[in-house]
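Undergrad:
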Amino acid sequence: MAAAHSRCRDIELFARLALGEELESGVDVTALLRRVEAMPATDADLAWSVITNYWRLCNARMRHYRTFCEDHGTLLLLLPMVRRAYFSLALLAFRVLTGLRVVSLRRMQPILAFLYS
Amino acid sequence: MKFVTHPLILTWLCTVALKAAVLFFLFRRGIVRTYPGLSLYLAGTIALSLFRLYCGIQSKTGYHDAYVQTQWISLLLYGVLVLDAYWAMARRYPRVLAFASAMAGAYGTLAAGAAWLLAGFGVPYWADSVANAVATSRNVTLAGTLFLILARWWWFSSASGVARNVHRYVNGTILLLAGQWCVAVLFRLLGATSANINYAMYVITAAALIHWIRMDGGGEEWRRAPAPENDPRQSLEELIRRSREMYD
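In the order they appear, the protein sequences are chains W and E.
Here the numbering used here = 1-based position in the first sequence + 36.
Here the numbering used here = 1-based position in the second sequence + 35.
#1: Any C-beta of chain E sitting closer than 8 Å to the C-beta of L93(W)?
#2: Could you check which residue in N233(E), D119(E), V197(E) and R203(E) has the C-alpha nearest to that of W216(E)?
#3: Taking all protein chains shown into account, do 16 or more other C-beta atoms lie within 10 angstroms of the C-beta of K37(E), making it buried, or fewer, making it exposed?
#4: Give me the chain E residues within the contact set of E106(W), using Cβ-Cβ distance strictly less than 7 Å, ordered along the chain.
#5: CB V131(E) to CB G109(W), shorter than 8 Å?
#6: Assuming the contact rule is C-beta atoms closer than 8 Å, L82(W) and M144(W) should be a hit. Round their C-beta distance to whole Å, please.
#7: Put M37(W) into one of helix, strand or coil per three-state DSSP.
#8: Does the beta carbon of L125(W) sit closer than 8 Å to a beta carbon anywhere in chain E?
#9: Any chance the segment 237-244 of chain E sits against the segment 174-187 of chain E, with 3 or more Cβ pairs inside 8 Å?
#10: By the 9 Å beta-carbon criterion, what residues does the segment 127-149 of chain E contribute toward chain W?
#11: Mapping the DSSP letters down to three states, classify Q43(E) as helix, strand or coil.
#12: Taking one C-beta from the segment 105-124 of chain E and one from the segment 205-221 of chain E each time, how about it: are there three or more such pairs within less than 8 Å?
#13: List the residues of chain E whose Cβ lies closer than 7 Å to the Cβ of L128(W), in chain order.
#14: Taking Cβ positions only, does T66(W) come closer than 8 Å to chain E?
#15: State the CB to CB distance for the pair L83(E) and I108(E), rounded to an integer number of angstroms; the pair is presumed to be in contact (CB under 8 Å).
#16: Can you tell me which of the three DSSP states L141(W) falls into?
#17: Just how far apart, CA to CA, sit D119(E) and L75(E)?
#18: Between G135(W) and chain E, is any beta-carbon pair separated by less than 8 Å?
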């Protein structure tokens, strides 16, 4: 029962990511990644939806983080975070467009946790 | 005195007078020391122009010789102006020196590379005796323009907005440098005479000066107030205060 509930929760999260909805702070990103990794590559519309919404999410979060860094005198931290965010976008795009199961999305976990923090 | 009464020289002296007026108004409004690079650029170019004028009066080739010999001072003043305009955008943020320096290095490399790639563009059309000096000058103005356009793109997109004076300062500087490059290269390619190119240079200078003369004492406000310094001790005290509020 718990497993089924968890799976429903994963699907919901993934659907919300694909639709570009805001997710609550502290969401379990590993579940989200499992859903993306299980996604069939043939569904191009869904893949593009995920990519564009993730692109928007990265832009919005990086803009917010930039303001934070400007205010707290930590602008030097912005560059590595931007690099990680857009690298994760490239990885996600490659994974969902090619559907290659050997490409793991585990590297996305820290940055995804940051984006949803 | 034929040198001084030539319309080209008289127009040049008008721009020198306008520079002096801008410097005077910046002083009257109390922002001369807020923009030290701009003040130094204005004072330096006024002094340089007067020196070249003096040399031009002294002998027939005096102006030409003085222009070539003192060109390094002009280029140095352009550098001061560009860096000061950059710092005017960046200095609002706390502890920004390291980031601003790194960004200036990266943008400076890009701008210098682009200027180097374009250095040959239009040069075969030049046959003047001051061709080398003009070529150096326009390469520096192109690099400065590209550097400031990149920096403007980054700093003006901040959520903090930009103070009105900084807006005018940076826009005026970009206009000056980009205008001088366009006149030196594009007008020359279109076949303009040296005299017309000089007149166009003075118009561009006047346009930049009009931007700078509009900087006033009330234009220093930013859209968002600067954040307080991130003092770890203050943060700790704030945390303790909040904790007490929660548990009391």
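The C-beta atom is built at its ideal place from N, Cα and C for all residues, glycine as well.
TA: Walking through what the data contain:
#1: No - not a single Cβ of chain E is within 8 Å of the one on L93(W).
#2: W216(E) has its Cα closest to that of N233(E), out of N233(E), D119(E), V197(E) and R203(E).
#3: With fewer than 16 other Cβ atoms within 10 Å, it is exposed.
#4: Within chain E, the residues Y128, S193 and S195 have their CB atoms less than 7 Å from the CB of E106(W), given in chain order.
#5: Yes; because the gap between Cβ atoms is below 8 Å, this pair is in contact.
#6: The C-beta separation of L82(W) from M144(W) comes to about 18 Å, leaving the pair out of contact by the 8 Å criterion.
#7: Here M37(W) scores only 48 on pLDDT, less than 50, and its place in the model is too uncertain to base an answer on.
#8: It does not: the Cβ of L125(W) has no partner Cβ on chain E nearer than 8 Å.
#9: The segment 237-244 of chain E, when compared against the segment 174-187 of chain E, does not touch it at the 8 Å Cβ threshold.
#10: If the cut-off is 9 Å between Cβ atoms, the segment 127-149 of chain E has R127, Y128, P129, R130, V131, A133, F134, A135, A137 and M138 near chain W.
#11: Just to set this straight, residue 43(E) is Leu in the shown sequence, not Gln. The answer is helix: DSSP assigns L43(E) an H, G or I state.
#12: Segments in contact, yes.
#13: Listed along chain E, no residue sits closer than 7 Å to L128(W) by beta-carbon distance, the nearest being about 25 Å off.
#14: No, its Cβ sits nowhere closer than 8 Å to a Cβ of chain E.
#15: Between I108(E) and L83(E) the Cβ distance is about 6 Å, and since that is below 8 Å, they are a contact.
#16: Residue state, collapsed to three classes: coil.
#17: D119(E) and L75(E): Cα-Cα distance of roughly 10 Å.
#18: G135(W) is outside the set of residues whose beta carbon lies under 8 Å from a beta carbon in chain E.
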